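Under my numbering, the very last position in the sequence shown is 649; numbers go up by exactly one each time.
Single-structure report; data block below.
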Amino acid sequence: MTELLELYGSMGISPAVYAYGEQTIEKLKERFEAIDKIAEHNQAKVLSAMQKNKVSAACFAATTGYGYDDMGRDNLEKVYADVFHTQAALVRPQITCGTHALTVALSANLLPGDELLSPVGLPYDTLQEVIGIRKSPCSLAEYGVAYRQVDLLKDGSFDYAGIRAAINEKTKLVTIQRSKGYATRPTFSVKQIGELIAFCKSIKPDVLVMVDNCYGEFVETIEPSDVGADMVVGSLIKNPGGGLAPIGGYICGTEECVSRCAYRLSAPGLGQEVGANLGLMPSLYQGFFLAPTVVAGAEKGAIFAANLYEPLGFKCVPNATESRHDIIQAVELGSEEGMIAFCKGIQAAAPVDSYATPMPWDMPGYNDKVIMAAGAFVQGSSIELSADGPIRPPYAVYFQGGLTWQHAKLGILMSLQKMVDAGLVKI
Ligand SMILES: *Cc1c(COP(=O)(O)O)cnc(C)c1O
């Protein structure tokens with residue numbers, strides 16, 4: 223124990239911060255056990271999908287050029303479809319990020335004259351330009367797709383009356399964002415999402431429902447595709463990539479929706495048949511295999527952060543005790559200085575670029591300056607220990623990731639240490 227204290231001390235963590243951390247963890251044992259149980263369930267789910275689809279070394283072979291008959295790629299899509307319990311899946315390194323995956327899903331399934339509905343308030347920042355809420359070249363709005371939005375009620379619940387009134391003959395697709403993104407609303411449970419999907423389909427049975435599943439994968443034992451979503455969409459440099467996928471996105475859903483996505487991603491007539499894997503299959507398979515336990519470690523880190531910061535007077539969303547449906551932890555630090563100190567700590571705890579100092583900058587796709595702390599093996603990967611947030615009130619830092627619980631813990635302790643060093647908090 224004293225050796226560990228000395229080691230932490232040599233890295234800059236004071237005995238007082240360490241002791242406060244230990245005292246916090248002592249109270250979290252039962253919750254951590256429950257998370258391990260969910261990880262065990264999801265590990266078995268992924269494993270059985272890999273066994274059922276006879277994953278073999280042949281699946282790891284690199285393909286180049288057109289990528290016709292890419293057995294490894296096609297089989298990975300079957301594994302994803304089995305884990306998400308969907309008819310089909312599109313899992314590709316050619317999908318460059320989560321925003322791209324969502325753009326493909328939306329633009330493939332919405333035609334001119336159709337209307338898109340968000341019944342859960344304003345979508346994630348980058349989606350606003352995709353939809354055309356903020357004017358942008360090539361937005362859905364430019365292609366004649368209308369957009370309607372129903373905000374959440376004050377208590378964060380769904381405005382069912384408003385949603386009923388908003389659904390009309392043009393409503394083609396309903397988009398539901400599971401995670402809070404850069405908002406301070408609650409993240410929805412899969413059960414809540416299921417209730418919302420059932421409600422929308424009771425009003426219009428043929429309406430399509432897409433769930434932005436970013437940061438939600440493997441936090442629960444069920445996914446939105448288990449409760450009626452036609453498409454679930456996410457990024458491979460978040461949860462399902464397990465920290466190993468160097469790029470990529472996925473869309474799991476009905477055969478009809480997913481094949482349209484494939485035609486949009488490549489070209490009409492080509493669809494899922496093209497798209498070489500460029501040697502990325504080992505990391506996509508192995509990352510997916512590791513994802514349930516990586517997500518569990520990240521979730522423990524999020525809970526630890528809330529329980530560390532909340533007693534010090536910082537509002538945390540989710541709060542220290544409520545149930546979790548994604549791996550994001552928002553901590554309202556109340557000032558730009560607080561955000562910078564917190565992010566400095568996360569950066570200083572990174573295995574890569576630990577000597578860098580994060581500063582606010584104008585990031586493409588975002589309206590406000592954004593600060594990001596990330597010292598990741600995969601650039602921009604936010605399943606790795608990272609923190610970011612737009613510089614605007616309430617000056618919330620969104621903390622997520624950690625490939626191991628031990629690393630997440632160290633990073634959060636370091637963030638607190640930097641806050642203490644800057645005189646922003648006393649313990
Ligand atoms: C990260 C995220 C996205 C966009 O993903 P990128 O990979 O950053 O493009 C979309 N929606 C939500 C809720 C996210 O968290």
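Each residue gets a CB set at the ideal place from its N, CA and C atoms; glycine is no exception.
Note that this is a predicted model, so its numbers are computed, not measured.
The beta carbons of Met641 and Phe526 sit about 15 Å from each other, so the pair does not count as a contact at 8 Å. Trp627 counts as buried, since no fewer than 16 other beta carbons sit within 10 angstroms of its beta carbon. Distance check between Gly335 and each of Thr321, Leu324, Asp347 and Lys394 places Lys394 closest, using alpha-carbon atoms only.
When DSSP assignments are scanned along the region 588-633, the uninterrupted stretches of beta strand (DSSP E) that are 3 or more residues long and fall wholly within it turn out to be 592-596, 608-612 and 618-622. Of all C-beta pairs linking the region 312-328 to the region 514-529, fewer than three are shorter than 8 Å, placing the two stretches out of contact. By the Cβ-count criterion, Gly287 is exposed, with fewer than 16 other Cβ atoms from all chains shown falling within 10 Å of its own Cβ.
Not one heavy atom of ligand 1 falls within 6 Å of the beta-carbon of Cys483. For the region 430-508, the continuous beta strand (DSSP E) assignments of 3+ residues that do not extend past its boundaries occur at 430-434, 453-457 and 471-475, in sequence order. Taking the Cβ atoms as the reference, Leu418 lies roughly 6 Å from Pro341, within the contact range of under 8 Å. Among the bridge pairs identified by DSSP, Ala310 is matched with Gly475. Pairing Asn589 with Ala363, the inter-Cα distance amounts to about 19 Å.
Beta-carbon to beta-carbon, Val517 and Asn435 are separated by about 12 Å, too far to satisfy the 8 Å threshold. Check the Cα spacing between Glu554 and each of Pro615, Ala484, Phe306 and Ile247: the tightest is with Pro615.
Counting only the Cα atoms, Pro446 lies some 7 Å from Ile415.
A distance of 7 Å or more separates the beta carbons of Thr348 and Gly475. Not one heavy atom of ligand 1 sits closer than 6 Å to the Cβ of Tyr588. Placement of the Cβ of Thr321 at a distance of less than 6 Å from at least one heavy atom of ligand 1 is found. Secondary structure in the region 313-393: the alpha helix (DSSP H) runs of 4 residues or longer, each lying completely within the stretch, are 320-331, 347-353 and 382-388 in chain order.
For Asp434, the distance from the CB to the nearest heavy atom of ligand 1 is below 6 Å.
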